[in-house]
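For the sequence shown, position 155 matches number 352 in the working numbering, and the numbering has no gaps at all.
Structure record follows, encoded as structure tokens.
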Amino acid sequence: MFEEVKRKAKEADKRKAELGPDLDLKEFSLKAKPSAKISKLSELSKEDKKSASNVGIEIKERKRSGSFFQMDHSVIYENVKQDGLEIMSTAEALKKYPWLKNYWWKAIPVDSDKYTAQAELEQTHGYFIRALPGVKVKLPVQACLFISQNGLAQNVHNIVIAEEGSELQLITGCTIGLHVSKGLHIGINEFFVKKNATITFSMIHSWDKGVDVRPRTAIIVEENGTFINNYICFKPVKSLQMYPVTYCVGKNSKTSYHTLLYGVGKSYLDVGSKAELIAEGSRAEIISRAVAMDESQIFARGHLIGKNKDTKGHLECQGLLLSEKAKIHAIPELEGKVSGCELSHEAAVGKIKEEELWYLMSRGLTEEEATSMIIKGFLNPETIDLPPLLKYQVKKIMEKVVKGF
């Protein structure tokens, strides 16, 4: 099985992705200095603790059920605080559980493009997180994927399984060290939501203008299962291209995506969400909000495919342009393949309305303060299903980002 996977990956190692700027993978190093394990997150350097905190990582773990921390190519910390929850590197999990090979590249074809191929051929760990049958994980699990070495490629393969009747919240923060000006993050994420199970996945990215990012994510949801995806990116990035897809294969399965994007500088963000409503009674909701400043470009994609009767999906994309040189492309797609599916969408891209600015300025705000208030309202994390502490952290991040606009 693994030989066949390797063969397919080798055949695709030069295959360009359909979307996003093409990258020369040879520009990034595949060798990282090993990082020593730590016994608690507070042992991280002051700078690294600050960077991790900015992507939702709770250093003291007070309101977390467990933690995983990977520094470059080294897994330096794992902690489980609740029975019925498993957290380990995928390399360790493959050794421990022979059955895991049945999930390996099950949701995502390994030969999709050069990025999936490199993630297989040059894999550098990633996390395996599993909630056992019937277990309700009370507090979120947190995982941090951190790049500290300049010019490095980090190629992780993550697998998350919510067994039948279980519930799991996962917060993943991906970020870089303060002195990293160039890097590549490839993240393979395969989620499996079993019958009557729920996963809430919140991902926060904080990169820089020289970092390229290529996540590849797919989710399989079984009968009465629910998958909720929240994605937030408020900091500069050289290029980001991702198009996660949920396959609702079980009767009455549900999925929802909520995306908040803030494009600054010359950032290139191509971010989409896709749902295939395969089983009867399946539901999907895709909501995206994007703000484009400076010379940033944002492609906000959404794709709903109705493949069975009594399926419903709604897609909503709103974009706010704050610069004459910025661009937002809203690309909604609806694809009904059978009668009895109901799919809808609404999309709007525009500038701040002058009457809104004038009203706020008449209340004593400067133009900059009024604009900042409108941006914060537009990207309000209250609109998405985040854990309370994470919602507070996101608000703090947004305050810093738009301060002094």
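Quick reminder that beta carbons are idealized off the backbone N, C-alpha and C, glycines included.
- Task: Could you check what DSSP says for valine 461 in three-state terms: helix, strand or coil?
- Result: coil
- State yes or no: is the C-beta of alanine 481 within less than 8 angstroms of the C-beta of alanine 472? yes
- Query: Is the region 529 to 542 touching the region 499 to 517, taking contact as three or more C-beta pairs under 8 angstroms?
  - Reply: yes
- Message: My parser needs the beta strand (DSSP E) runs of 3 or more residues fully inside the region 494 to 564; what are they?
- Response: 494 to 503, 508 to 518, 524 to 533, 538 to 548
- Ranges of the beta strand (DSSP E) found wholly within the region 206 to 284, counting only runs of at least 3: 263 to 268, 271 to 277
- Assumed close pair glycine 281, valine 332 - CB separation to whole angstroms, cut-off 8 angstroms: 3 angstroms
- Item | isoleucine 305 in three-state terms, based on DSSP | coil
- Message: Check whether the region 290 to 307 and the region 365 to 378 touch, using three or more Cβ-Cβ pairs below 8 angstroms as the test.
- Response: no
- Task: Assign tryptophan 404 to buried or exposed, taking buried as 16 or more other Cβ atoms, counted over all protein chains shown, within 10 Å of its Cβ.
- Result: buried
- Query: By how many angstroms is the C-alpha of isoleucine 396 removed from the C-alpha of lysine 406?
  - Reply: 32 angstroms
- Within the chosen definition, does the region 305 to 317 reach the region 211 to 225 through at least 3 CB pairs nearer than 8 angstroms? yes
- Query: Under the three-state reduction of DSSP, which class applies to glutamate 361: helix, strand or coil?
  - Reply: coil
- Message: Below 8 angstroms on the Cβ atoms is my contact criterion, and I expect serine 450 with alanine 476 to pass it. Report the Cβ-Cβ distance as a whole number of Å.
- Response: 6 angstroms
- Just the Cα atoms here: how many angstroms apart are isoleucine 539 and valine 277? The sequence given here places glutamate at residue 539; isoleucine does not occur at that position. Whole-angstrom Cα-Cα distance: 42 angstroms.
- Task: Drop a sphere of 10 angstroms on the beta-carbon of alanine 233, count the other beta-carbons inside from all chains shown, and report buried for 16 or more, exposed for fewer.
- Result: exposed
- Query: Given leucine 437, which residues of its chain have a CB within under 6 angstroms of its CB, disregarding the five upstream and five downstream residues?
  - Reply: Val410, Leu466
- Can you tell which of Ile254, Arg259, Lys203 has its C-alpha closest to the C-alpha of valine 591? Ile254
- Message: Check whether the region 553 to 573 and the region 522 to 529 are in contact - that is, three or more C-beta pairs closer than 8 angstroms.
- Response: no
- Query: Of all Cβ atoms in chain C, is any one closer than 8 angstroms to the Cβ of valine 410?
  - Reply: Considering every chain present, this structure includes no chain C. It has just one protein chain.
- On a CA-only basis, which of Val408, Ile385, Asn347, Leu519 is nearest tyrosine 440? Give me that one, please. Ile385
- Message: Using the Cβ count rule (16 or more neighbours within 10 Å means buried), how would you classify histidine 376?
- Response: exposed
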